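Visitor:
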Amino acid sequence: EALVVMGRRGIPDAVAEALDALEVPIHEAKGDVSCLETVRAVFAAHPITAALHAAGAVDDGLLSDQTWPRFERVLAGKLRGAWNLHVAGEGLAQLILVSSASAVLGVAGQSSYAAANAGLDALAAMRRAAAGPVRRCY
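Printed below as a string of structure tokens:
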């Protein structure tokens with residue numbers, strides 16, 4: 282088995298050091314998870330059975346100052362990326378989505394981040410409903 286790590290900028294040194302401790306082969310796939318074609322290409326190039334999605338971006342600002350481009354920048358990696366993994370990874374045994382309590386608690390100035398996390402929660406609920414009972418860990 283191997284681990285495929287995908288990101289737009291490559292693997293940061295601190296992360297690479299932590300991954301080395303896993304003692305499994307690491308394959309780096311540079312690309313943007315918000316691009317469905319890129320995600321499909323990574324799935325086609327590697328036998329992926331499970332995915333951990335931890336993308337995220339923050340663009341703090343008052344709701345009255347938000348614009349769609351700013352909002353979309355935050356949604357792209359987190360929410361569109363999660364959807365792309367869901368679509369391209371149709372046969373995944375597991376798709377782990379890293380969300381945040383901001384989806385229900387809110388954080389001042391982070392409306393787009395809260396919305397993206399609420400979207401992840403909805404995607405996870407949809408996947409659970411489609412697959413039947415799921416063991417929950419708290």
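Here the sequence shown stands for residues 282 to 419, where the numbers follow the numbering used here. Here a beta-carbon is modelled for each residue, glycine too, at the ideal position from N, C-alpha and C. Note that the structure is predicted; figures quoted are calculated from it, not measured.
Who are the Cβ neighbours of E309 in its own chain at under 7 Å, not counting the five residues just before and after it?
Guide: For the purposes of this step, residue 309 is taken as residue 28 along the sequence shown, with counting starting at 1. Closer than 7 Å at the Cβ level, and outside the excluded window around E309, lie V286, G291, I292.
Visitor: Do three or more CB pairs link the region 391 to 411 to the region 355 to 369 at distances below 8 Å?
Guide: Touching, yes.
Visitor: What residues in its chain sit with their C-beta under 7 Å from that of L303, if we drop five residues either side in the sequence?
Guide: Taking the sequence shown and counting its residues from 1, the one referred to as residue 303 is at position 22. Within the same chain, L303 has close Cβ partners L284.
Visitor: Among R409, A382, L366, S381, which one has its Cα closest to the Cα of S315?
Guide: Position 34 of the sequence shown, counted from the start, is the residue given in the question as residue 315. Among R409, A382, L366, S381, the Cα nearest to that of S315 is on L366.
Visitor: Do you know whose CA, among F324, G400, D301, V305, lies nearest G337's CA?
Guide: Position 56 of the sequence shown, counted from the start, is the residue given in the question as residue 337. Of the candidates F324, G400, D301, V305, the one whose C-alpha sits nearest the C-alpha of G337 is G400.
Visitor: For S325, which three-state DSSP category applies?
Guide: Here residue 325 refers to the residue found at position 44 when the sequence shown is read from its first residue. Before going further, note that residue 325 is Ala rather than Ser in the sequence given. It is helical.
Visitor: Please list the terminal residues of the continuous alpha helix (DSSP H) segment that includes L366.
Guide: Within the sequence shown, numbered from 1, the residue matching residue 366 stands at position 85. From DSSP, the alpha helix (DSSP H) with L366 extends over 362 to 369.
Visitor: Between the alpha carbons of G370 and D341, how many angstroms are there, rounded?
Guide: Mapped onto the sequence shown, residue 370 falls at position 89. Mapped onto the sequence shown, residue 341 falls at position 60. Roughly 31 Å between the two C-alpha positions.
Visitor: Starting from V286, trace the beta strand (DSSP E) both ways and give me its first and last residue.
Guide: Within the sequence shown, the letter at position 5 stands for residue 286. Segment 284 to 288, the beta strand (DSSP E) holding V286.
Visitor: With DSSP as the reference, please indicate the residues paired to I377 in a beta bridge.
Guide: As a position in the sequence shown, residue 377 is number 96, starting the count at 1. Its beta-bridge partners are L333.
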